[in-house]
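So the sequence shown is residues 1 to 422, counted in full-length UniProt numbering.
Yeah, the Cβ is synthetic: ideal placement off N, Cα and C, and Gly gets one too.
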Amino acid sequence: MISPALDELPYTVQNLPYGVISTSSETKPRCAVAIGQHAVDLAKYSKNGNLFDIESGHNFMFQQMFSEPALNTFAALPWATRRAVREKIQDDLKNGKVPASCLIELKDVTNHLPMKMTGFSDFYTSLEHCQNCSGEMTSASIASNWFAAPSVYNSRVSSVLPTPHDIARPKNVSFSAGIDSQPQYGPTRKLDFELEMGFFVSQPVAYGEAMPIKDAREHIFGFVMLNDWSARDHQLFEMRPLGPFHSKGFGTSLSNWVVPMEALEPYSCPPNTKQDPPPFEHLSWPGAKDDDALDIKLRIKLIRDGKESVLGTSNLKYLYWTPYQQLTHHAASGCGMQTGDLIGTGTISGSGKNEKGEKAELGCLYEAERTKTKVLPDSSGKYEDGYLEDGDEIILEGWCEDGKGGVALGFGECRGRILPPR
1 MISPALDELP YTVQNLPYGV ISTSSETKPR CAVAIGQHAV DLAKYSKNGN LFDIESGHNF
61 MFQQMFSEPA LNTFAALPWA TRRAVREKIQ DDLKNGKVPA SCLIELKDVT NHLPMKMTGF
121 SDFYTSLEHC QNCSGEMTSA SIASNWFAAP SVYNSRVSSV LPTPHDIARP KNVSFSAGID
181 SQPQYGPTRK LDFELEMGFF VSQPVAYGEA MPIKDAREHI FGFVMLNDWS ARDHQLFEMR
241 PLGPFHSKGF GTSLSNWVVP MEALEPYSCP PNTKQDPPPF EHLSWPGAKD DDALDIKLRI
301 KLIRDGKESV LGTSNLKYLY WTPYQQLTHH AASGCGMQTG DLIGTGTISG SGKNEKGEKA
361 ELGCLYEAER TKTKVLPDSS GKYEDGYLED GDEIILEGWC EDGKGGVALG FGECRGRILP
421 PR
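Now the structure itself:
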């Protein structure tokens, strides 16, 4: 037996995130969980009979579903069943009952997208992000309807990418010299990142039905880090009349391991901002317990010319509209939600400042431009100052802390590097 370190960050035994892996010797993608510096091959683990007690009395076989190249079949199981599987894996790891043949060092695996996605919608629900961005692409003040329901648009599944992945600088149409000037076609001069998280739908919501907000947790498989790459000059051209399209659709990066809802429940907390006016009844969190947000700390890093720097921090709990409200709103029209659907939280910004009094919780570079905050090192002058250059690499990180301020679990990296235009 190999005994992996159960408390090694970011993939602790309290975490056990799910992913899809392959290796050079076994090239077929299959499902796994991460623990320390290892992955547990769940197809082999279940073949060994470790999950037989959970299988008995059900008409499914874990070995078959974990041999699939996506986690959808497992994610669609009832939450109680998924919880039982997770607890059995935890017990076997703690008691040294995971065979060595099931363990693979993470340095030897290739990660794949964890879910087969048929839909991807991205929200716009951070009050601070809206405040910082107002006045050019949007109205000078936040529209009143933004406070009545979560704002969202449909994005593209085809350009969702695992970590790490290169992003070619996109070409498209922009204004040549500010809004309503002569249009021009070419590579973006304002390439940006957006600090977001994403979550995957577990059990589906049938077409024509709505989902009560009290059931939202049961319909979320887990969370990942998400970078919604954005071409701001192209976006300015597209915002009227229908909003972003190519400026957002050329690439979305995800972290590879899905931290399950079960692992995140202990980090439930009150939202940072009181909603005013109060939300509609179907978007109101039930009961007296104020635990409808998640305390997940976030960080943005840049690697430029081999030097790493921190560009900002934030927290998922800062969102004005919570992930549970986002999913409830999305399903409210009866559109139906499918297992594997990806929901982006939207850029997550805060109001915090550093010791110099500068804004330190900006979720993207466009906010830095609008608020006249210097975030990036000086540029080469090839593209717009204050935006990403070819060769830049952006890393998004997230983690949860214990009561003493120590890191309890992490999401791993969401990583992408900018290449010159094709």
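Secondary structure note for Asp-292: it is in no alpha helix (DSSP H), with a DSSP letter that is neither H nor E. In the structure shown, Ile-54 falls within a helical segment according to DSSP collapsed to helix, strand and coil. An exposed status is given to Gly-405, since fewer than 16 other beta-carbon atoms sit within 10 Å of its beta-carbon. Looking at the DSSP output, Ala-34 bridges to Ala-39. One Cα belongs to Gly-334, the other to Asn-256, and the distance between them is close to 30 Å. Boundaries of the alpha helix (DSSP H) around Ile-89: 79 to 94.
By the C-beta density criterion, Met-61 is exposed, having fewer than 16 other C-beta atoms within 10 angstroms.
Val-20 places its beta carbon 8 Å or farther from that of Ile-89. Arg-299 and Ser-101 have their C-alpha atoms roughly 36 Å apart. Cβ-Cβ distances below 6 Å link Arg-156 to Gly-249 in the same chain, with the five nearest sequence neighbours on each side left out; the list follows chain order. For Phe-250, the three-state secondary structure derived from DSSP is coil. According to the DSSP assignment, Arg-217 belongs to no beta strand (DSSP E), since it is labelled neither H nor E. In this structure the segment 233 to 245 touches the segment 160 to 180; the number of beta carbon pairs closer than 8 Å is three or more. Here Phe-52 is exposed, its C-beta having fewer than 16 other C-beta atoms within 10 Å. For Glu-68, no beta strand (DSSP E) encloses it, and the DSSP letter there is neither H nor E.
Of the residues Met-137, Gly-336, Lys-289, Gly-222, the one whose Cα lies closest to the Cα of Val-205 is Gly-336. Look at the beta carbons and you see the segment 307 to 318 touching the segment 257 to 277: at least three pairs across the two are nearer than 8 Å. Sixteen is the threshold: since fewer than 16 other Cβ atoms of the shown chains lie within 10 Å of the Cβ of Arg-240, the residue is exposed.
In this structure, Glu-389 and Arg-417 do not form a Cβ contact; the two beta carbons are roughly 11 Å apart against a cut-off of 8 Å. Contact between Arg-169 and Pro-420 holds, with the beta-carbon distance rounding to 6 Å and staying under 8 Å.
By alpha-carbon distance to Trp-146, the top candidate from Gln-275, Asp-378, Leu-311, Arg-415 is Gln-275. If only uninterrupted alpha helix (DSSP H) runs of at least 4 residues are considered, those enclosed by the segment 122 to 177 are 127 to 133. With a contact defined as Cβ atoms closer than 8 Å, Val-85 and Asp-92 miss out at about 11 Å. Setting aside the 5 residues that flank it on each side, Lys-47 is surrounded in the same chain by Gln-63, each with a C-beta closer than 6 Å to its C-beta; the list follows chain order.
Straight-line spacing of the CA atoms in Cys-414 and Val-109 works out to 16 Å.
Sequence-distant Cβ neighbours of Ser-22 in its own chain, meaning closer than 8 Å and more than five residues away, are Lys-28, Pro-29, Arg-30, Val-109, Thr-110, His-112. Inter-residue distance for Pro-278 and Leu-242 is about 29 Å (C-alpha atoms, whole angstroms). A distance below 8 Å separates the beta carbons of Thr-373 and Glu-358. DSSP places Leu-409 inside the beta strand (DSSP E), whose first and last residues are 407 to 419.
Pairing Val-152 with Phe-120 gives a Cβ-Cβ distance that is not under 8 Å. Taking every protein chain shown into account, the CB of Lys-382 has fewer than 16 other CB atoms within 10 angstroms, so this residue is exposed.
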